[in-house]
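In our numbering, the protein residues as written are 1440 to 1571.
Cβ atoms here follow ideal geometry from the backbone N, Cα and C, with glycine treated the same way.
It should be emphasised that the depicted structure is a prediction, and the values quoted were computed from it without experimental measurement.
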Amino acid sequence: WRIVTPCGEDLSVERFSCRTKAEVLQYLQRHPVVQLSDYHEYTDAIIKRCEAEFANTATDFEQEVASLAKQIESSESRWLQLLPIMFEPEGDDMSVEVKPSCDIDGILREIVARFLRVFLSPETFDSMCEVI
């Protein structure tokens, strides 16, 4: 029986070579494989780090949404337009009203794009890899 653990591109560590299956199973029963659940402080630190990172990222996303809301209601918005509606003149006066037109699909695409940039950014994942 062989158990091979990869350690890099061209390097691997071979364990239990030239042993029978029964010997390997006995060894594993006496020396269990590392389980993260056996390391409560470490896993608690990982969870705490993930929760903090999520909270920070959620705050960043709230700021992105606030910025987007300002862009939508701006007079130069690419998602909201005021379209003139002309009415037949009554007497000498011509009546003009405006009708708002909103590109809802465009707004939703922008929200999703910002969400992905904030929550799935390389910086978010890089910070999770720091030593705990």
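Quiz prompt | Proximal residues to F1558 (C-beta, below 8 Å), its chain only, five neighbours per side dropped | solution = T1496, F1500
Quiz prompt | Meets three-Cβ-pair contact criterion under 8 Å: the region 1536-1549 and the region 1513-1527 | solution = yes
Quiz item: In whole angstroms, what is the alpha-carbon distance linking Q1468 and A1461?
Solution: 11 Å
Quiz item: What are the residues that DSSP puts in a beta bridge with V1535?
Solution: M1525
Quiz item: Can you give the beta carbon distance from M1525 to V1537, rounded, assuming they're within the 8 Å contact cut?
Solution: With a Cβ gap of about 11 Å, M1525 and V1537 do not count as contacting.
Quiz item: Hey, how far is the Cα of I1486 from the Cα of I1511?
Solution: 37 Å
Quiz prompt | Candidates D1477, P1471, L1507: closest to R1553 by CA position | solution = L1507
Quiz prompt | K1509 to T1482 span [Cα, whole Å] | solution = 41 Å
Practice problem: Check Q1474 in the structure and name its three-state DSSP category. | Solution: coil
Exercise. Give the straight-line distance between the Cα atoms of L1547 and V1463, rounded to the nearest whole angstrom.
Key: 56 Å
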